[in-house]
Amino acid sequence: MSKRRVFRFAPSPNGRLHLGHAYSALCNKAMAEECCGRLLLRMEDIDTERCTPLFEEQIIADLHWLNIEWEQPVRRQSDHFADYRAALDELRDMGLVYPACFTRSQIKDHVAEYEKGGKVWPRDPDGAPLYPGNERNLTSAEQQDLAESGRPFAWRLDMEAACARLGQPIGWREAGCGPKGETGHIPAKPQAWGDVILARKDTPTSYHLSVVVDDARQGVTDIVRGHDLFHATSVHRLLQALLGLPEPDYCHHALLVDAQGRKLSKSQSDTGIGALRDAGRSAAEVIRMCETGARI
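Heads up: the sequence shown begins at 43 in my numbering, then just goes up one per residue.
Below, the structure written as structure tokens:
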């Protein structure tokens, strides 16, 4: 007998849910119900400064109001830093991680100097410059000295070494579609992201690392999320392969956007579910707005 499929909705409690979040949660709910699967809720709260219990309470209240239920308990990433630290140590033991201390301004200056002659510095799918990787070839002793120097640093994945260690192409099964209609078997291209951050000196994980560890720990079989994370799946598949974690299926969906075509964002204070409720909208109306992509 095949196991029940497992879905998850994983918001960050650093603000109120908006229509885009609700749409993703409703997609997960609908797909779980269609196959009699399980739906989990995870709070991605590794940013302990911006994520608060109040925002978590508001998210849970908004989801209940939308008639979205999930299995207990809720997994909170802040309770599982030891899991992520163990995964990071495993990658360090493989020689695939190094301490990197360039700040954003230093990266910007490095790229600007490089591009003075008309050359173009490579950028990741989100448009950010790839990390220069100056510390990549330090000896183990030099890396240890840097890590113990007291300087701020991040643990970065040596992408070239990681792909070489894997030694074979990887990809994923896409049940939805990418931003350009990509579907079916999608070849992963993690090199496009360069040496991604896996942890910081003061936080033993990053989104990339924690999400693959959590999905494996929770037995998630189907990851349903927005187009904005389609390309990041290449990094996640690489980490899953390196760490020997199960390969889930993926289903990326279109994003809800505003009248100017900009995706909805907490940082832009886009209208939240709670505000719509307070304005007298019913749950049925809000769900219909999500399903039709209606503007607010």
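C-beta: ideal position from N, C-alpha, C; glycine also. Keep in mind it's a predicted model, so treat the numbers as computed, not measured.
Boundaries of the beta strand (DSSP E) in which residue i is found, first to last residue
{"i": "R50", "result": "V48 to F51"}
{"i": "P229", "result": "G226 to P229"}
{"i": "M85", "result": "R80 to M85"}
{"i": "A241", "result": "I239 to R242"}
{"i": "V139", "result": "V139 to A142"}
{"i": "D380", "result": "Only positions 43 to 338 of the chain appear in the structure, and residue 380 is not among them; the question remains open."}
{"i": "R215", "result": "G213 to E216"}
8 Å Cβ cutoff met for residue i and residue j
{"i": "R198", "j": "V139", "result": "yes"}
{"i": "R165", "j": "L172", "result": "yes"}
{"i": "L133", "j": "L280", "result": "no"}
{"i": "V48", "j": "T263", "result": "yes"}
{"i": "G314", "j": "R58", "result": "yes"}
{"i": "G137", "j": "A203", "result": "yes"}
{"i": "P167", "j": "A103", "result": "no"}
{"i": "D19", "j": "G175", "result": "As shown, the chain starts at 43 and ends at 338. That puts residue 19 outside it, with no answer to give."}
{"i": "P141", "j": "A183", "result": "no"}
Cutoff 6 Å; reference residue i; Cβ partners in own chain excluding five residues on either side
{"i": "Q186", "result": "none"}
{"i": "H127", "result": "The residue asked about is misnamed: residue 127 is Arg in this sequence, not His. Within the same chain, R127 has close Cβ partners P246."}
{"i": "R193", "result": "C143"}
{"i": "E98", "result": "P55 and M85"}
{"i": "T181", "result": "none"}
Candidates the options, of which the one nearest residue i by Cα
{"i": "P232", "options": "D244, A206, C93 and P246", "result": "A206"}
{"i": "S8", "options": "L285, R279, L287 and D270", "result": "Nothing can be reported for residue 8, as the shown portion of the chain is limited to 43 through 338."}
{"i": "R50", "options": "K243, D291, G316 and A326", "result": "D291"}
{"i": "V254", "options": "F272, P95, V238 and P288", "result": "P288"}
{"i": "V259", "options": "L61, E157, E76 and R84", "result": "The question names Val, but residue 259 in the sequence shown is Arg. Closest option to R259, Cα to Cα, is R84."}
{"i": "A196", "options": "F97, A52, C143 and P53", "result": "C143"}
{"i": "E216", "options": "G192, C332 and F272", "result": "F272"}
{"i": "G218", "options": "D256, I265 and G261", "result": "I265"}
{"i": "T94", "options": "E157, H295, K161 and P53", "result": "P53"}
{"i": "C317", "options": "A74, L81 and I101", "result": "With the sequence shown as reference, residue 317 is identified as Ala, and Cys is not the correct amino acid for it. Ranking the options by Cα distance to A317, first place goes to I101."}
{"i": "G226", "options": "A129, E157 and H294", "result": "H294"}
{"i": "I110", "options": "A74, Q210 and F97", "result": "A74"}
{"i": "C78", "options": "A189, L96, K45 and L251", "result": "K45"}
{"i": "S191", "options": "H106, G159 and K243", "result": "K243"}
{"i": "S248", "options": "D125, H106 and Q210", "result": "D125"}
{"i": "W214", "options": "S147, A274, R118 and H152", "result": "A274"}
Sequence-distant residues of its chain with Cβ nearer than 7 Å to residue i (five each side left out)
{"i": "S120", "result": "D87, I88 and T90"}
{"i": "R92", "result": "N56"}
{"i": "I212", "result": "A230, R279, L280 and A283"}
{"i": "E76", "result": "none"}
{"i": "A296", "result": "H269"}
{"i": "A64", "result": "L108, I315, V328 and C332"}
{"i": "A129", "result": "L251, V255 and L285"}
{"i": "R118", "result": "M85 and D87"}
Run of the alpha helix (DSSP H) containing residue i, from where it starts to where it stops
{"i": "W197", "result": "Not the alpha helix (DSSP H): W197 falls in the beta strand (DSSP E), residues A196 to L199."}
{"i": "A189", "result": "S182 to A189"}
{"i": "D264", "result": "Not the alpha helix (DSSP H): D264 falls in the beta strand (DSSP E), residues D264 to G268."}
{"i": "R118", "result": "Run containing R118: none in the alpha helix (DSSP H); it sits in the beta strand (DSSP E), E113 to R118."}
{"i": "R259", "result": "Y249 to R259"}
{"i": "Q148", "result": "R146 to E157"}
{"i": "C77", "result": "It is not in any alpha helix (DSSP H) - C77 carries neither H nor E in the DSSP assignment."}
{"i": "I329", "result": "A325 to T334"}
{"i": "I110", "result": "Taken as a continuous stretch (DSSP letters only), I110 belongs to no alpha helix (DSSP H), as it is neither H nor E."}
Contacting residues, own chain, Cβ-Cβ under 8 Å from residue i (five flanking each side not counted)
{"i": "K150", "result": "P171"}
{"i": "T334", "result": "none"}
{"i": "R80", "result": "R46, R47, V48, F49, A74 and E113"}
{"i": "Y20", "result": "Lying before the first or after the last residue shown, residue 20 is absent from the chain, which here runs from 43 to 338."}
{"i": "E224", "result": "E216 and F272"}
Closer than 7 Å: residue i CB and nearest the ligand FAD heavy atom
{"i": "T334", "result": "Only the bare structure without any ligand can be found here, which leaves the ligand FAD out of the picture."}
For this session: Assess, as a yes-or-no matter, whether the stretch 320-331 is touched by the stretch 69-76 under the definition of 3 or more beta carbon pairs within less than 8 Å.
Result: No contact exists between the stretch 69-76 and the stretch 320-331.
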